[in-house]
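Just so we're aligned: the sequence shown equals residues 0 to 520 in numbering that gives the first Met the number 0. Note that CB positions come from ideal geometry on N, CA and C, so glycine has one too. A quick note: this is a predicted structure, and the numbers were derived from the prediction, not measured.
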Amino acid sequence: MSAESFYLTTPIYYVNSVPHLGTAYTTVAADALARYRRMVGDDVHFLTGLDEHGQKVAHAAEEAGMSPQEWCDSIAPRFVEAWEMLRITNDDFLRTTEERHKRGVQAFWQALHDAGHLYQGHYEGWYCVPCETYFTPDQVSEHECPSCGRDVEFIREDNWFFKLSEFAEPLLELYETRAAQGRPFIRPETRANEVISFVKSGLKDLSISRTTFTWGVPLPFSEGHVTYVWIDALLNYITAIGYGDPAKADEFDHRWPAQYHFVGKDIIRFHCVIWPAMLMAAGLDVPECVYAHGFLMTKGEKMSKSKGNVQTPASLVERFGVDPYRYYFLRDVRFGEDGSISMESMVQRYNGDLANDWGNLCSRLFNMTEKYFDGAVPEPPGEAPTEADAALRAFADALPASYAEAMERLDYGAALEATWDLIKDANRYIENEAPWNLAKAEETHGRLATVIYNALESVRIAALFCAPVMPETSADVWRRLSLGDIHAVTDIATAAAWGRLPSGNAVSKGDPLYPRIYDEA
Ligand code: MSP
């Protein structure tokens, strides 16, 4: 285990519904980062999974006439299938009903109980089941959840409490020190302010158990209490890597703390307030960064099941293909901000960036290689580079650093733009150098070889940097150039060095990578 550990997670999704564009968005973004980090040689561990306890899931099961476990077992495969369809390369998939998780949850709360961080008390207040969140009377008016607008329930229970209020100061210090060190705990910056003012306004102790239903992990020290679903769910990030299992202590030490928890902005308080406080209480390190992205909006509204404006990932993948799907969400929505999505803009991106720029570059080049060089990468005669040759190469040489810098900021759009700078220049280069004219005379054949070689080399390099976002077509381009498995690359900067495309490699034309879509709606 010599490579750097890079541990990243998505939220674990509630199994009250099947995967939709919102949950797929977080998962695809995490996957693109995981793939990139593998390509720079990190020892990546990418976790996703399912949140299967709590009232919301119990209700869904009841409505379906199933036991909660049967219900979870019926929904879990839908997530597994969706992630396979989207080529998600998670290394683990945790379900909170698994023994390894339950054992870890119990070990954790036992430890906090033993260390005096818990006490028994009485809870009276509002509870929103769809959000699985407690609200105080002053946060609720007209029985409406301040977060989702649905009806809240009034609950009175004797519960166990976690002394969250004692962690306000340590939390504020955490946010401040990390920001001062240039490695903020909460990103993007705008989200941090929201969390800081929430903590400054004072933290209340948190009810961590429920007694009026049973679908949860039992507290080991108090009969009749099951853990509150959120503090069960948050623990997945450590139970998955062996917390609570002495046989996995080395794995846990190697993986923890995580580099990134990817979350939507809706669940930032749980991840930036409750979670680090729980970890501090247990004497564990807090993660390096919680990154909260924005919401996907359709026609100005958050896309959600309750609003009835949910598209399925499968319907879009069927229409556009898996790579264009992944490309669209990472290219068109600025990661970290809310973004509008629409069929029109998806068709535009597809036809413009993919069919015209990238697909067309590959097609015309592979065709010309077949036509002028019998389908083999030509050997350039080694003449001094022209200005155009040098300009093209400069785009390729600049790409590894600009891409790395963009990915460091999780700016997928900028990483793709940098890749498109090379793709667009390669198209320009072909237009200007006009290989079809060079092919007409014997004395320009040397130049023709140089031009085709340079353009093919640009395609090889562009495919490398498209791979984290568009794994299928990138692998296909490499196969057509008779290169090895693009997914086996573990040093992208070296792999991207100019001139590594072997002359003589067979080039196969194949079908267009992204056939144009004519129906614009
Ligand atoms: N089970 C909790 C998370 C526990 S993590 C310890 C949960 N689950 S969820 O199924 O509701 O998923 C919420 C997450 O789905 C959001 O944080 C976000 O990552 C993603 N999205 C759901 N709807 C979304 C949009 N409309 N847009 C973008 N992402 C959204 O909360």
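Which one of the options has the shortest CA to CA distance from residue i?
i           : options               : result
residue 56  : 449, 213 and 285      : 213
residue 503 : 384, 47 and 374       : 374
residue 132 : 257, 206, 210 and 9   : 206
residue 292 : 265, 298, 352 and 281 : 265
residue 166 : 40, 204, 499 and 369  : 204
residue 283 : 238, 201 and 445      : 238
residue 221 : 407, 96, 438 and 159  : 159
residue 23  : 473, 326, 258 and 435 : 326
residue 191 : 337, 139, 105 and 289 : 289
residue 209 : 404, 225, 195 and 386 : 225
residue 50  : 90, 129, 417 and 348  : 129
residue 234 : 77, 104 and 432       : 104
residue 499 : 422, 396, 134 and 278 : 396
residue 423 : 394, 271, 150 and 7   : 394
residue 495 : 484, 479 and 462      : 462
residue 136 : 145, 125 and 175      : 125
residue 215 : 146, 149 and 96       : 96
residue 391 : 414, 429, 361 and 405 : 429
residue 409 : 33, 118 and 199       : 33
residue 182 : 287, 455, 74 and 382  : 287
For the beta strand (DSSP E) that residue i lies in, which residues bound it at each end?
i           : result
residue 363 : Segment 359-372 is the alpha helix (DSSP H) holding residue 363; no beta strand (DSSP E) there.
residue 4   : 4-13
residue 133 : 132-134
Since residue i is in the alpha helix (DSSP H), which residue starts that stretch and which ends it?
i           : result
residue 513 : Element bounds for residue 513: n/a, residue is neither H nor E.
residue 464 : 444-465
residue 288 : Here residue 288 belongs to no alpha helix (DSSP H); instead the beta strand (DSSP E) covers 288-292.
residue 318 : 312-319
residue 121 : Counting along the chain, residue 121 falls outside any alpha helix (DSSP H), though it belongs to the beta strand (DSSP E) covering 117-127.
residue 472 : 470-479
residue 253 : 248-254
residue 262 : Premise fails: residue 262 lies in the beta strand (DSSP E), 259-263, not in any alpha helix (DSSP H).
residue 435 : 434-437
residue 274 : 274-280
residue 494 : 491-494
If I'm right that residue i touches residue j with Cβ under 8 angstroms, what's the distance once you round it to whole angstroms?
i           : j           : result
residue 411 : residue 329 : 4 angstroms
residue 459 : residue 482 : 7 angstroms
residue 377 : residue 448 : 4 angstroms
residue 123 : residue 155 : 5 angstroms
residue 467 : residue 2   : In fact, because the Cβ distance is near 17 angstroms, the residues do not count as touching under 8 angstroms.
residue 369 : residue 228 : Going by Cβ atoms, the distance from residue 369 to residue 228 rounds to 59 angstroms, so no, they are not a contact pair.
residue 387 : residue 336 : Wrong, their Cβ atoms sit about 37 angstroms apart, outside the cutoff.
residue 36  : residue 27  : Not really, about 15 angstroms apart at Cβ, beyond 8 angstroms.
residue 281 : residue 107 : 6 angstroms
Is DSSP giving residue i helix, strand or coil here?
i           : result
residue 152 : strand
residue 285 : coil
residue 482 : coil
residue 226 : strand
residue 295 : strand
residue 339 : strand
residue 501 : coil
residue 16  : coil
residue 239 : coil
residue 354 : helix
residue 506 : coil
residue 141 : coil
residue 217 : strand
residue 378 : coil
residue 25  : helix
residue 107 : helix
Consider the Cβ of residue i: report whether some Cβ of chain C lies at a distance smaller than 7 angstroms.
i           : result
residue 357 : Among the chains in the structure shown there is no chain C, since it carries only a single protein chain.
Which ranges would you report for the beta strand (DSSP E) in the region 146-209 if only whole runs of at least 3 residues count?
-> 152-161
Ordered list of alpha helix (DSSP H) runs contained in the region 382-418, each at least 4 residues = 386-407
Runs of beta strand (DSSP E) lying entirely within the region 28-99, each at least 3 residues, in chain order | 42-50 and 91-94
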